[in-house]
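First up is the structure itself, then whatever we jot down about it.
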Amino acid sequence: DQQVKQNSPSLSVQEGRISILNCDYTNSMFDYFLWYKKYPAEGPTFLISISSIKDKNEDGRFTVFLNKSAKHLSLHIVPSQPGDSAVYFCAARTMDSSYKLIFGSGTRLLVRP
Amino acid sequence: SQTIHQWPATLVQPVGSPLSLECTVEGTSNPNLYWYRQAAGRGLQLLFYSVGIGQISSEVPQNLSASRPQDRQFILSSKKLLLSDSGFYLCAWKSGGTPANYGYTFGSGTRLTVV
Numbered sequence: 026d027q028q029v030k031q032n033s034p035s036l037s038v039q040e041g042r043i044s045i046l047n048c049d050y051t052n053s054m055f056d057y058f059l060w061y062k063k064y065p066a067e068g069p070t071f072l073i074s075i076s077s078i079k080d081k082n083e084d085g086r087f088t089v090f091l092n093k094s095a096k097h098l099s100l101h102i103v104p105s106q107p108g109d110s111a112v113y114f115c116a117a118r119t120m121d122s123s124y125k126l127i128f129g130s131g132t133r134l135l136v137r138p
Numbered sequence: 119s120q121t122i123h124q125w126p127a128t129l130v131q132p133v134g135s136p137l138s139l140e141c142t143v144e145g146t147s148n149p150n151l152y153w154y155r156q157a158a159g160r161g162l163q164l165l166f167y168s169v170g171i172g173q174i175s176s177e178v179p180q181n182l183s184a185s186r187p188q189d190r191q192f193i194l195s196s197k198k199l200l201l202s203d204s205g206f207y208l209c210a211w212k213s214g215g216t217p218a219n220y221g222y223t224f225g226s227g228t229r230l231t232v233v
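Put into structure tokens, the structure is as follows:
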């Protein structure tokens, strides 16, 4: 039973264009949603997050949108750069003291020069 | 500063052999600690987490176990490895003082290949 889903395993965009990565969740008992970036053979690094009471959070080129009614969030990267090429994981944090993060399966982003 | 150490970086083990992966955190106290596994082409699966010394919660029934003998030490073990235990193992921590929206800090991972 996947609580967090990333239905697109890969995405390819041209440098300078917008990258949109999507994520869906099935459980409403999450208080934060986070995006992590991961390179091969390395641990994921935190990118950006959004509280469940917000609908948008922006940090430089990265913006995360949350649609609670649709249980959907997306990460927008504008403009995309070749260095953004990596696997992006969406994660949802449970509303308890365990602070568990439930991850999606990831989307591999390739930004073409 | 707060750092997380995970070792070894790579490991090749025969089927049926034991396993011990260690993770330690520096610069914080009483962190929540987590073990994740990324199988080939898959997402990050939470295996175990611990909110304190000696406290272990298992998320997925499997051939692995975890222990937390000290506040900032988290160990992943197996008595007999299976081929399906191959994967990239990640340790992560979260301090109670960390802003909630920062999630976890991950270690650099261990690539385990069971042959």
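Going down the list, the sequences are from chains A and B. Position 77 (the first sequence) corresponds to 102 in my numbering; numbering is contiguous. Position 85 (the second sequence) corresponds to 203 in my numbering; numbering is contiguous. Ideal Cβ positions, reconstructed from N, Cα and C, are used throughout, including at glycine.
C-alpha distance - residue i paired with residue j, whole-angstrom precision
{"i": "Ser-44/A", "j": "Pro-132/B", "result": "42 Å"}
{"i": "Thr-228/B", "j": "Leu-200/B", "result": "16 Å"}
{"i": "Thr-231/B", "j": "Ile-78/A", "result": "42 Å"}
{"i": "Arg-133/A", "j": "Leu-36/A", "result": "6 Å"}
{"i": "Gly-129/A", "j": "Gly-161/B", "result": "6 Å"}
{"i": "Gln-235/B", "j": "Cys-115/A", "result": "As shown, chain B starts at 119 and ends at 233. That puts residue 235/B outside it, with no answer to give."}
{"i": "Asn-181/B", "j": "Gly-108/A", "result": "38 Å"}
{"i": "Ala-158/B", "j": "Ala-66/A", "result": "11 Å"}
{"i": "Ser-202/B", "j": "Val-233/B", "result": "10 Å"}
{"i": "Pro-149/B", "j": "Ser-119/B", "result": "14 Å"}
{"i": "Gln-163/B", "j": "Lys-30/A", "result": "13 Å"}
{"i": "Glu-40/A", "j": "Pro-138/A", "result": "5 Å"}
{"i": "Arg-118/A", "j": "Glu-177/B", "result": "15 Å"}
Contact set for residue i: own chain, Cβ-Cβ below 8 Å, skip 5 residues either direction
{"i": "Ser-226/B", "result": "Gln-124, Ala-127"}
{"i": "Ile-193/B", "result": "Ser-138, Leu-139, Glu-140, Cys-141, Ala-184, Ser-185, Arg-186, Pro-187"}
{"i": "Pro-136/B", "result": "Ser-195, Ser-196, Lys-197, Lys-198, Leu-199"}
{"i": "Pro-69/A", "result": "Tyr-61, Lys-62, Lys-63, Phe-114"}
{"i": "Asn-32/A", "result": "Asn-47, Asp-49"}
{"i": "Asp-80/A", "result": "Phe-90, Leu-91, Asn-92, Lys-93"}
DSSP state of residue i mapped onto helix, strand, coil
{"i": "Gly-108/A", "result": "helix"}
{"i": "Asp-79/B", "result": "Summary: the structure shown does not reach residue 79/B, with chain B confined to residues 119 through 233, and so no result is reported for it."}
{"i": "Ile-78/A", "result": "coil"}
{"i": "Pro-187/B", "result": "strand"}
{"i": "Ile-127/A", "result": "strand"}
{"i": "Asn-52/A", "result": "coil"}
{"i": "Gly-170/B", "result": "strand"}
{"i": "Tyr-222/B", "result": "coil"}
{"i": "Glu-83/A", "result": "strand"}
{"i": "Tyr-113/A", "result": "strand"}
{"i": "Ser-93/A", "result": "In the sequence under discussion, the amino acid at residue 93/A is Lys, which differs from the Ser named in the question. DSSP places Lys-93/A in coil when its eight states are reduced to three."}
{"i": "Val-136/A", "result": "strand"}
Own chain residues within Cβ distance below 6 Å of residue i, not counting five before or after
{"i": "Tyr-152/B", "result": "Tyr-167, Ala-210"}
{"i": "Ile-75/A", "result": "Phe-58, Asn-82, Val-89, Leu-91"}
{"i": "Phe-206/B", "result": "Gln-156, Gly-227, Arg-229"}
{"i": "Leu-221/B", "result": "Sequence inspection shows Gly at residue 221/B; the Leu mentioned does not correspond to that position. The answer is none, since no qualifying residue turns up."}
{"i": "Gly-134/B", "result": "Lys-198"}
{"i": "Arg-42/A", "result": "Ser-105"}
Assumed close pair residue i, residue j - CB separation to whole angstroms, cut-off 8 Å
{"i": "Ser-195/B", "j": "Ser-183/B", "result": "5 Å"}
{"i": "His-97/A", "j": "Asn-52/A", "result": "Going by Cβ atoms, the distance from His-97/A to Asn-52/A rounds to 13 Å, so no, they are not a contact pair."}
{"i": "Val-143/B", "j": "Arg-190/B", "result": "4 Å"}
Close-in-space but distant-in-sequence residues of the same chain around residue i (CB under 7 Å, 5 per side omitted)
{"i": "Leu-202/A", "result": "Absent from the structure is residue 202/A, since the part of chain A shown begins at 26 and ends at 138."}
{"i": "Gly-172/B", "result": "Arg-186"}
{"i": "Ser-110/A", "result": "Leu-134, Leu-135, Val-136"}
(message) Can you confirm whether the segment 163-183 of chain B touches the segment 123-138 of chain A when touching is taken to mean that 3 or more C-beta pairs between the two stretches lie within less than 8 Å?
(response) yes
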